[in-house]
Each structure stands twice: as structure tokens, then as C-alpha cells.
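> Here's a structure for you.
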Ligand code: BQF
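In our numbering, the protein residues as written are 11 to 297.
If you want it as C-alpha cells, here you go:
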């Protein structure tokens, strides 16, 4: 049994994907005389959200995708936000729209996400895109789940017939990831665990692949893993010591065969998948 897991370098794999994408973007621009463009909407001044939006805008620049950053004050009315989204929906030079979450408490997040045109919904949060994913005919894949699937694929980790235990049932990560892992082609057997799961460790210890998407710092420890398990840490938690995942890296990396670090694991893949979705959104307009 390995007593040090292989590190899955998400930063490097994301860089490879961006390099591939940059070539595709050049071809697209040459063939269509159109530059793919992402519009990001940030409401308020949450420091983490500002970092995330910056990451996204910078990543666009690196692959030759245009971007717009629309910053609105925290006290913006929901109506004004909906007006901006309607304008971006109509703007033919904008191919992808993302509304950075979380929104201020006075906004109805579901209503706002439903206002984004499904054809420009590069986060795949619109109910139409969620429905298409559930039915197995996605237009856009949600960025973090897609990033996790790409990490597994590009690391050569087989999922077919494997037992994947997803910990966390959010609409953005856990739920869609469970669907993707169980889908034809990936063919994993999936267990979806959550905060009300009794004896969580009894499930994670049976997992060939553990996906930690709980939002609690260092919640999954080495003793909860089967020796040789693949561990994918989706957590991004800021604590005194800095950025940590939902997995206690120190103990888990002694038991796992493969593990993603935080930072530099799933996070950079999320951003790379957003860029792919933005190019795909632009490609769908060419007819
Ligand atoms: C890295 C996010 C929670 C809530 C809302 C690279 C990101 C993070 C980490 C990033 C995240 C997390 C994003 C790293 C976007 C991922 O090197 O490890 C990139 O920018 N993310 C978001 O937009 O909203 C969130 C987490």
C-alpha cells in the first residue's frame, strides 16, 4: 500500500487545457471574425468573490477570450440586476454570462439565475440546463463537476464499475457530480452522502473514489478512507493557516493512492471549464 499518495496537479492539467483551448479560440476567431466574450457580473464587495471573478477574467485573457466585468454595489436592487442581465442576454457580442455567487441576501438567487438566457448560461445553473444534464443531454456542464471529471480522466483514473462516494449534496457540486459519475460513459456506482448521513465513515471507507464537497475544513480524515482510495477535494476553506480543503491532507495522503491538493487541485480546473463553456457558447451562435 502506498504511504504517500500521488498528487493530482490540477494547476498543471488546467494549464494544458488552457493551451489546447487557446488554439481552438484562434481558429474560431479566424473562421468567424468574432471574439468569444464572457460577461461576469459581481454584486457587492465580498473579498472571496472578488478574487474568484478576477481569476475568471484573467483566465479569459490567457486564452484570447474577451471579458467584461460588471460591478454593482451591494445595495443594487434586484430589478436593476435583472435589467443588466436582460441587456447582456440581448447583446450579440456577449456569448457567456456568469453571475458570481453568493448574491446579497435581499436577492432571490433562483429568480436571478433563471433570468440568464440558457444559451449563455456558462455556469449551467439555469433550470433548463440542469434539466438537460439530468436527462443526459447537457448543453453546458457545470464547471466544478466537469473539472473533477476531467481531472479523473486526464489522470487515467478508471471510474467504470468503481464505487464513488460523493460527500455533499449542493446544487452546484455534489448533486451534479453524482449524476455525471453515474452517467453512461463514466459508469461509476455512486453513493451521495450529506450532513444527515449516519456513520459517514462507514460509507467513505467503502469508496474507491471519495469526492469531498462539504464545505467544512479538513473534515475527511485518513482513517475514513480505504487504503488506495482516490481522493478529490473540492473544498476551498479560508482558515487562519491559509487555504485548506475539506480533506485533512496530512493524514489522507498517507492512505490514498491519488489526492488533489488545495490550492492547485480542483479550483484551477473549475476556471478552465468556464473557458470551455464560453467558447462552446460562442460556437453555438455560428450557423
Ligand atoms: C486554487 C467558489 C465557494 C463558493 C463560491 C483556483 C479558484 C479557487 C481555488 C476559484 C469558487 C472556488 C469559485 C483555486 C471559483 C473555485 O488554486 O486552488 C481557483 O476561483 N474558484 C467561485 O467562483 O465561487 C465560489 C467556492
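Each residue gets a CB set at the ideal place from its N, CA and C atoms; glycine is no exception.
Just the C-alpha distance for residue 171 and residue 149, rounded to the nearest angstrom, thanks.
Computed Cα separation, rounded: 26 Å.
> List, from N- to C-terminal side, the alpha helix (DSSP H) runs of 4 residues or more that fit wholly inside the segment 211-278.
Listed in chain order, the complete alpha helix (DSSP H) runs (minimum 4 residues) inside the segment 211-278 are 259-262.
> If I measure Cβ to Cβ from residue 222 and keep anything under 8 Å in the same chain, skipping five residues before and after, which residues do I get?
Excluding sequence neighbours, residue 222 sits near 177, 178, 229, 230, 241, 242, 243, 244, 245, 255, 256 and 257.
> Could you please give the first and the last residue of the uninterrupted alpha helix (DSSP H) stretch that includes residue 157?
Taken as a continuous stretch (DSSP letters only), the alpha helix (DSSP H) holding residue 157 covers 153-164.
> For residue 59, which three-state DSSP category applies?
Three-state DSSP puts residue 59 in a helix.
> Residue 297 to residue 194, Cα distance in whole Å?
Confidence at residue 297 is low in this model, with a pLDDT of 45, below 50, so its placement is unreliable and the value that follows should be read with caution. Their backbone Cα atoms lie some 29 Å apart in a straight line.
> Can you list, in chain order, the residues of its chain whose CB lies under 8 Å from that of residue 184, leaving out five sequence neighbours each side?
Hits under 8 Å: 176, 177, 178, 202, 204, 221 and 223.
> For residue 167, which of helix, strand or coil comes out of DSSP?
Coil, per DSSP.
> Quick check on residue 111: does DSSP put it in helix, strand or coil?
Coil.
> Would you decide whether residue 103 is buried or exposed? Buried here means 16 or more other CB atoms lie within 10 Å of its CB.
So residue 103 ends up on the exposed side.
> Nearest to residue 259 by CA position, among 105, 41, 271 and 280, is which residue?
Of 105, 41, 271 and 280, the residue nearest in Cα terms is 271.
> Could you tell me if the beta carbon of residue 281 falls within a distance shorter than 8 Å of some heavy atom in the ligand ZN?
Looking at this structure, you won't find the ligand ZN anywhere; what it does contain is the ligand BQF.
> In or out: residue 110 buried (at least 16 other Cβ within 10 Å) or exposed?
Buried.
> Among residues of its own chain, excluding the 5 on either side of residue 15, which ones have a beta-carbon nearer than 8 Å to its beta-carbon?
Closer than 8 Å at the Cβ level, and outside the excluded window around residue 15, lie 241, 262, 263, 264, 265, 266, 267, 268 and 269.
> Report the residue ranges of all alpha helix (DSSP H) runs contained in full by the segment 44-98; include only those spanning at least 4 residues, in chain order.
Qualifying alpha helix (DSSP H) stretches, in chain order: 57-73.
> Kindly indicate the opening and closing residues of the alpha helix (DSSP H) around residue 126.
Segment: none, residue 126 is in no alpha helix (DSSP H) and carries neither H nor E.
> Note down the Cα distance separating residue 285 from residue 75, rounded to an integer number of angstroms.
For residue 285 and residue 75, the distance between alpha carbons rounds to 8 Å.
> Within this structure, are the beta carbons of residue 92 and residue 122 separated by less than 9 Å?
Going by C-beta atoms, residue 92 is nearer than 9 Å to residue 122.
> Can you say whether residue 61 is buried or exposed, counting buried as having 16 or more other CB atoms within 10 angstroms of its CB?
When all chains shown are included, residue 61 counts as exposed.
> Residue 176 lies in the beta strand (DSSP E); which residues open and close that run?
Taken as a continuous stretch (DSSP letters only), the beta strand (DSSP E) holding residue 176 covers 173-177.
> Is residue 248 buried or exposed, if buried means 16 or more other CB atoms sit within 10 Å of its CB?
So residue 248 ends up on the exposed side.
> Count the other CB atoms, across all protein chains shown, that sit within 10 Å of the CB of residue 66; report buried if there are 16 or more and exposed otherwise.
By the 10 Å Cβ count, residue 66 comes out buried.
> To which residues of the same chain is residue 167 closer than 6 Å at the C-beta, ignoring the five residues directly before and after it?
Cβ within range, chain order: 240.
> Who are the near neighbours of residue 186 in its chain, counting only those whose CB is closer than 7 Å to its CB and skipping five residues on each side?
Within the same chain, residue 186 has close Cβ partners 143, 152 and 155.
> The ligand BQF heavy atoms versus the CB of residue 41: any closer than 8 Å?
No, the ligand BQF has no heavy atom inside 8 Å of this Cβ.
> Give a yes or no on whether the C-beta atoms belonging to residue 132 and residue 288 are separated by under 9 Å.
In contact: residue 132 and residue 288 (Cβ atoms closer than 9 Å).
> Does the ligand BQF have a heavy atom nearer than 8 Å to the CB of residue 154?
Checking every heavy atom of the ligand BQF against the Cβ of residue 154, one is found closer than 8 Å.
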